[in-house]
Amino acid sequence: MKQEIGRRRKNLLLPTCAIALALVLSVLSFAYYQRELRATLLQKTEEEMARYTHQSGAMVSGLVEDYFAQLDAVALFCAGNADRDNDNIVELLRRQNSRDENCRLGLSDLSGTLYTGTGVPVDISGRDFFQRAAGGERVLSQVHGSCLDGRSCVVLAIPIYEGEQVAGVAYAEYAVTHFTELLGSAQFAGLGATMVIQPDGAMISGYAGTERYETFYDAISQMDFRGADTLASLRERVGAGESGLFTYYRGGKARYLYFEPAGVGDWTVLSLVLAESVERQFSSINGRSVALMGINLLLYSVVLLCIWLIWRKNQAVLRANRCDGLTGIYNRGGVRAAVEPMLARVPEGGRVHACLFIDVDDFKGVNDRLGHQVGDRVLVQLASLLQRTFRQSDVVGRYGGDEFLVWMRDAPSPQLVEHRAQQLCESVAACEDFPTSISVGVALWPQDGSGYDELLHAADQALYTAKGAGKNRVAFSQNLGESG
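Taking UniProt numbering, the leading residue of the sequence shown gets 1, the next gets one more, and so forth.
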């Protein structure tokens with residue numbers, strides 16, 4: 001009996017030890033999993049904050065580039081019109097300034113008198129941005145009070161040239177609330193905020209509550225700073241153009257701040273996330289470890305889903321920034337982003353990459369005779385024809401104005417490139433409702449260059465050749481073929 005009892009005890013001891021060991025290992029594994037999950041989540045949060053901050057910076061940079069492009073168009077329109085009371089100029093300014101309260105356009109002569117098409121001219125001769133623009137610079141100002149109504153704004157100012165001489169200054173001011181509204185539509189799903197500041201802390205965009213403070217540094221000056229993360233170190237790192245994660249505390253709760261240069265002047269993008277937004281996914285381990293693990297995994301998945309949704313939304317914003325608003329095809333920046341990776345790969349089997357630079361002949365005459373609405377329809381129609389004529393693997397975009405680009409990927413031969421270009425010219429000529437013709441300049445990789453700008457320049461020169469030869473024709477940079 002004792003032997004049987006001993007044998008049974010031995011028989012029970014092995015599974016008991018196994019179960020106990022499994023339980024201990026489960027507890028240890030769960031504790032390790034919790035620790036690693038917390039570390040991983042914090043790391044992922046930092047990575048996502050960095051990615052999101054970079055995307056927000058790219059969005060701000062793209063917006064400012066667009067604003068400069070719009071101001072360039074105004075300056076070009078006004079070039080040669082020394083009289084700022086010109087009816088067309090006054091109407092342009094009046095319409096813009098009455099349509100968009102966030103943006104005010106103006107033109108200044110060299111004496112510093114600013115005309116806006118409405119109201120009384122304003123003297124801006126003492127303003128730094130005017131003096132720099134009058135000296136030939138393209139200026140993005142610091143945040144300051146508006147010359148027109150005193151609200152906080154940033155100013156874009158560029159010189160207006162007549163010949164090679166500066167004849168005036170084109171001016172555009174954007175309310176800082178405009179940038180706040182734009183970035184406010186892409187926050188961290190309620191978990192935090194995004195803002196843009198200058199090195200001195202002046203806020204180009206903020207979030208609820210910061211409007212009470214003159215600078216961002218004033219807004220966080222009463223927070224608790226620990227270790228190397230001090231307010232002075234944050235100022236220093238932002239001023240030095242660094243990127244990184246910064247932690248501060250309020251009421252004993254940590255807050256994470258990721259900062260990165262915006263790519264616009266000396267602006268910096270900040271993303272702020274409350275630490276409890278991350279930590280709430282963790283709870284102390286109790287006896288129901290499996291259920292707790294499931295809850296933690298669910299919360300982790302929810303946070304990742306939120307981050308992914310924000311990422312997808314910002315991807316959509318970036319895609320929109322890379323597309324032409326009128327035609328729906330790539331804009332200039334979108335074409336470059338799509339083509340540069342293509343040029344990094346060498347075609348095989350004697351194939352070539354080709355750049356086609358396309359210009360609508362006498363497009364100004366179309367606008368003058370038929371109106372700008374017809375001109376816009378012509379551009380949309382040509383964009384649609386380009387998409388139908390070329391392959392899905394080719395890159396089609398609008399370079400600007402009436403100029404378009406097609407980059408053919410891995411074309412079998414220069415002859416096929418010429419055939420497609422000539423086919424395009426013939427298709428345009430055959431369109432009864434297309435009121436003009438097109439000219440095409442072609443450059444080939446590697447004959448005419450291997451870099452994006454080099455090939456684009458060669459195609460542009462070929463386009464000038466086609467124009468000079470009578471328009472409505474195709475010209476190759478290396479005279480591989482020409483037809484009309």
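Cβ atoms here follow ideal geometry from the backbone N, Cα and C, with glycine treated the same way.
Do residue j and residue i have their beta-carbon atoms positioned less than 7 Å apart in this structure?
i, j, result
"Leu-107", "Gly-168", "yes"
"Phe-434", "Val-440", "no"
"Phe-246", "Asp-266", "no"
"Leu-444", "Ala-337", "no"
"Leu-405", "Val-335", "yes"
"Ser-146", "Glu-181", "no"
"Arg-132", "Val-139", "yes"
"Val-352", "Ala-430", "no"
"residue 508", "Gly-397", "The structure shown has nothing for residue 508, since the chain only spans 1 to 484."
"Ile-89", "Cys-78", "yes"
"Leu-424", "Thr-389", "yes"
"Val-395", "Val-264", "no"
"Leu-243", "Glu-260", "The sequence as given places Ser at residue 243; Leu does not occur at that position. In contact: Ser-243 and Glu-260 (Cβ atoms closer than 7 Å)."
"Phe-130", "Ser-141", "no"
Mark residue i as exposed unless 16 or more other C-beta atoms lie within 10 angstroms of its C-beta, in which case mark it buried.
i, result
"Ala-134", "buried"
"Ala-421", "buried"
"Gly-117", "buried"
"Val-473", "The sequence given here has Arg at residue 473, not Val. Buried, because 16 or more other Cβ atoms sit within 10 Å of the Cβ of Arg-473."
"Gly-241", "exposed"
"Asp-453", "exposed"
"Pro-446", "exposed"
"Leu-93", "buried"
"His-54", "buried"
"Phe-476", "buried"
"Ala-193", "buried"
"Val-346", "exposed"
"Thr-210", "buried"
"Tyr-32", "exposed"
"Glu-137", "exposed"
"Ala-383", "buried"
"Ala-462", "buried"
"Asp-324", "buried"
Identify, in the order they occur along the chain, each residue of the same chain with its Cβ nearer than 7 Å to the Cβ of residue i, setting aside the five sequence neighbours on each side.
i, result
"Thr-113", "Pro-121 and Asp-123"
"Ala-262", "Gly-57, Val-60, Ser-61, Val-196, Thr-268 and Val-269"
"Asp-362", "Thr-436"
"Leu-379", "Leu-326, Thr-327 and Asp-402"
"Glu-340", "Tyr-452"
"Ser-125", "Ser-111 and Gly-112"
"Asp-460", "Phe-357 and Gly-441"
"Val-360", "Val-378, Leu-382, Asp-402, Thr-436 and Ile-438"
"Asn-97", "Arg-104, Leu-105, Thr-116, Gly-117 and Thr-118"
Quick check on the DSSP output: the beta strand (DSSP E) that includes residue i runs from which residue to which?
i, result
"Asp-410", "403 to 411"
"Pro-261", "253 to 261"
"Pro-159", "152 to 162"
"Glu-173", "165 to 175"
"Ala-342", "Before going further, note that residue 342 is Met rather than Ala in the sequence given. Element bounds for Met-342: not the beta strand (DSSP E) but the alpha helix (DSSP H), 332 to 343."
"Leu-148", "Per DSSP, Leu-148 belongs to no beta strand (DSSP E) and is neither H nor E."
"Arg-398", "395 to 400"
"Phe-434", "Looking at the DSSP string, Phe-434 is not in any beta strand (DSSP E), and its letter there is neither H nor E."
"Thr-113", "113 to 115"
"Gly-106", "103 to 108"
"Thr-247", "244 to 250"
"Ser-205", "203 to 205"
Taking the continuous alpha helix (DSSP H) assigned at residue i, which residues delimit it?
i, result
"Pro-414", "414 to 430"
"Pro-446", "Neither: Pro-446 is in no alpha helix (DSSP H) and is coded neither H nor E."
"Ala-79", "From DSSP, Ala-79 is part of no alpha helix (DSSP H); its letter is neither H nor E."
"Ala-469", "Counting along the chain, Ala-469 falls outside any alpha helix (DSSP H), and DSSP gives it neither H nor E."
"Ser-217", "At residue 217 the sequence reads Tyr, which differs from the Ser that was named. Segment 216 to 220, the alpha helix (DSSP H) holding Tyr-217."
"Gly-239", "231 to 239"
"Asp-359", "First-last for Asp-359: 352 to 360, but that is the beta strand (DSSP E), not the alpha helix (DSSP H)."
"Val-374", "372 to 389"
"Asp-89", "The amino acid occupying residue 89 in the given sequence is Ile; Asp does not appear at that position. Start and end: 87 to 99."
"Arg-132", "128 to 134"
7 Å is my cut-off, CB to CB: does residue i come that close to chain C?
i, result
"Pro-199", "Given the protein chain composition of this structure (a single chain), no chain C is represented."
Please list, in chain order, all residues of the same chain as residue i whose beta carbon is under 6 Å from its beta carbon, the five residues on each side excluded.
i, result
"Tyr-399", "Arg-332 and Leu-405"
"Met-49", "Tyr-258 and Ser-271"
"Tyr-67", "Leu-156"
"Met-342", "Arg-409"
Rounded to the nearest angstrom, how far is the Cβ of residue i from that of residue j, given a contact under 8 Å?
i, j, result
"Ile-204", "Phe-179", "5 Å"
"Tyr-249", "Arg-226", "7 Å"
"residue 570", "Ile-160", "Outside the displayed span of the chain (1 to 484) sits residue 570, for which this structure offers no information."
"Ile-158", "Ala-175", "Not quite, the Cβ-Cβ distance comes to about 19 Å (not below 8 Å), so this is no contact."
Among residues of its own chain, excluding the 5 on either side of residue i, which ones have a beta-carbon nearer than 8 Å to its beta-carbon?
i, result
"Thr-215", "Ile-197, Asp-200, Gly-201, Ala-202 and Met-203"
"Leu-297", "Because Leu-297 sits at a pLDDT of 49, beneath the cut-off of 50, its placement in the model cannot be relied upon, and the following sentence gives the value as read from the coordinates. No residues qualify anywhere along the chain."
"Asp-87", "none"
"Gln-387", "Ile-329 and Val-396"
Measuring only from the beta carbon, is residue i closer than 6 Å to any heavy atom that is part of the ligand GDP?
i, result
"Asn-321", "In the structure shown, the ligand GDP is absent, as is every other ligand, since no ligand is present at all."
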